[in-house]
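Residue numbers (the working numbering): 98 to 414.
Even glycine gets a Cβ: it sits at the ideal position worked out from N, Cα and C.
Reviewing the structure listed below.
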């Protein structure tokens, strides 16, 4: 009886896992590599990869730790991009306010869509998020402020906090890197907090999580700021970021890197962006080649690249 009671008492209180030394070392190595990278690799390419890496990390928190497969995640990337681009170009917002406004737009959509879709599960949840994504896409095609198929072009980068001139490529890169690292650490903290343990409890046994007093609906909403940052980097907000294929790409990034791992989405995002960059000359065959590479990677690395590395090292990465 005592053991059973202790078991239920322990289950009612989320246990926060300690910080892994291997993860700390991996984070330091990643940070050093990214700081040095723009002196050897084209910075615009790196900034695109960082934006998508943050996007993939946010998606991984949803599918890897809550177990919800969403085909509508592009809504948050695209809407944040439109919000940031419109506020910067039309309303004259400085970059910091434009990014915050774009993130707020994505968060507001996340609350609305999440409140309507969150009561569904499995394939029903995936289909509902896809339906909402298509609604937002067709709205973006028709709305005047989005520019339709032309998008919002020539978005001014401005001066961050009145000090940092984002028209300088290296300055912009390190600002994007700082945003990525802050977002990454925020997600890492969420995973290793009582909040993260509740997310895992919802994934493993949602009815029991609810019976312990946790409202599962409150832990399934997430919005990122990757889209707002990306709009300023490329000075463009377009239909590409809100299209359903973007939701497919982030699934690909997460699976390639390692589902439910901390660093997997970052590696997956860099792999996909690199493939897109070097395979661009193939034209329409890019999707076919990407599909073949994806199938080979899934068959070879069943846990994803980082998942397999962590398994070999017997460390959680």
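Burial check for residue 222: the Cβ neighbour count within 10 Å reaches 16 or more, so the residue is buried. No residue range can be given for residue 242, since it is assigned to no alpha helix (DSSP H) and is classified by DSSP as neither H nor E.
Residue 334 has 249 as its beta-bridge partners, per DSSP.
In this structure, 253 is the residue among 243, 383, 253, 170 with its C-alpha nearest to the C-alpha of residue 194. Between the C-alpha atoms of residue 402 and residue 357 there is a straight-line separation of about 12 Å. Looking at 158, 231, 349, the one whose alpha-carbon comes closest to that of residue 280 is 158. Annotated three-state conformation of residue 261 is strand, per DSSP. Of 355, 185, 278, the smallest CA-CA separation from residue 130 is found for 278.
With contacts defined by Cβ atoms closer than 8 Å, residue 175 and residue 339 form a contacting pair. Two segments are said to touch when three or more pairs of C-beta atoms, one from each, lie closer than 8 Å; by this definition the segment 218-232 touches the segment 154-171. Secondary structure note for residue 286: its alpha helix (DSSP H) is the uninterrupted segment 266-288. Residue environment: residue 219 is assigned as exposed (fewer than 16 neighbouring CB atoms within 10 Å of its CB, all protein chains considered). Residue burial annotation: residue 240 is exposed, with fewer than 16 other C-beta atoms found within 10 angstroms of its C-beta. The DSSP-derived three-state label of residue 397 is helix.
When DSSP assignments are scanned along the segment 134-171, the uninterrupted stretches of alpha helix (DSSP H) that are 4 or more residues long and fall wholly within it turn out to be 140-162.
Contiguous alpha helix (DSSP H) elements confined to the segment 358-413 occur at 361-376, 383-397, 402-410, taking only those with 4 or more residues.
Using a Cβ distance threshold of 8 Å, residue 267 and residue 362 do not count as a contacting pair.
For the segment 182-228, the full-length alpha helix (DSSP H) segments reaching 4 residues or more read 192-214 along the chain. Three or more pairs of CB atoms, one per stretch, sit closer than 8 Å, so the segment 197-216 contacts the segment 177-186.
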